[in-house]
Amino acid sequence: MGSRLNPCITFDGNARQAMEFYQRVFGGELELGTVADFGAPDAPDADKVMHSRLDTPTGYTLMACDYPHHRPGHPPYRPGNDVALFLDGDDGTELRTCFQKLSEGGTVTLPLEKQVWGDEAGSVVDRFGISWMFNISARRE
1003 MGSRLNPCIT FDGNARQAME FYQRVFGGEL ELGTVADFGA PDAPDADKVM
1053 HSRLDTPTGY TLMACDYPHH RPGHPPYRPG NDVALFLDGD DGTELRTCFQ
1103 KLSEGGTVTL PLEKQVWGDE AGSVVDRFGI SWMFNISARR E
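Residues 1003 to 1143, numbered by our numbering, are exactly what the sequence shown covers, in order.
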């Protein structure tokens, strides 16, 4: 698979409604999972979208999530800081190198490490203020 670069929009609690709307606009397959679906059913925002992905018939990929108000150290939600570039794939060496390089002079907001869904994930704001999200797919048999 290699790697892909996709936009990821952050919403303030209405990611599900937005992504269902975008699906009606663009068509395609919508994948959507809540915080509870990803292993935290008792979290205060268990019903919020942790991950969504719309793959359209024309080849667009749009991703979204609800802002993680509960995460310590996360800045407050502000419209305008609601888009991140999402790099994912199964080439862990390549993606870890990109994460490390983007971190230089920036701020790691989520260390790149194994998550409850089995993949490695992390996020960083680079030295120019651009948000990046990473997911390294676990090899599944």
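Every residue gets a Cβ at the ideal spot worked out from N, C-alpha and C, and that includes glycine.
Just so you know, these numbers come straight off a predicted model, no measurement behind them.
Other residues of its chain near residue i: CB distance less than 7 Å, five sequence neighbours each side excluded
i: Q1025; result: L1032, L1056
Helix, strand or coil at residue i [DSSP, three-state]
i: E1022; result: helix
i: S1105; result: helix
i: G1035; result: strand
i: E1143; result: Because E1143 sits at a pLDDT of 47, beneath the cut-off of 50, its placement in the model cannot be relied upon, and the following sentence gives the value as read from the coordinates. In the structure shown, E1143 sits in coil (DSSP, three-state: anything other than H, G, I, E or B).
Sequence-distant residues of its chain with Cβ nearer than 6 Å to residue i (five each side left out)
i: Y1079; result: D1014, Y1069
i: F1028; result: T1058
i: P1113; result: G1124
i: R1129; result: G1107, G1108
Alpha carbon of residue i to alpha carbon of residue j, nearest angstrom
i: T1095; j: A1123; result: 13 Å
i: P1059; j: T1036; result: 24 Å
i: G1120; j: F1040; result: 10 Å
i: M1065; j: F1101; result: 19 Å
i: K1116; j: F1023; result: 32 Å
i: P1046; j: I1011; result: 21 Å
i: T1099; j: G1004; result: 14 Å
i: D1044; j: V1118; result: 14 Å
i: T959; j: T1063; result: Not covered by the structure: residue 959. The range shown for the chain is 1003 to 1143.
Beta-carbon contacts of residue i that lie in its chain and below 8 Å, excluding the five residues immediately before and after
i: R1141; result: D1092
i: S1054; result: A1017, R1018, M1021, L1032, E1033, L1034, G1035, M1065, A1066, C1067
DSSP beta-bridge partners of residue i
i: G1029; result: None, per the DSSP bridge assignment.
i: W1119; result: In the DSSP output, where bridge partners are listed per residue, W1119 has none listed.
i: G1124; result: F1136
i: F1088; result: N1008, M1135
Cβ separation of residue i and residue j, assumed to be a contact under 8 Å, to the nearest whole Å
i: S1139; j: S1133; result: Not confirmed; about 20 Å, so no contact.
i: M1052; j: F1088; result: Contact flag wrong, Cβ pair sits at about 13 Å.
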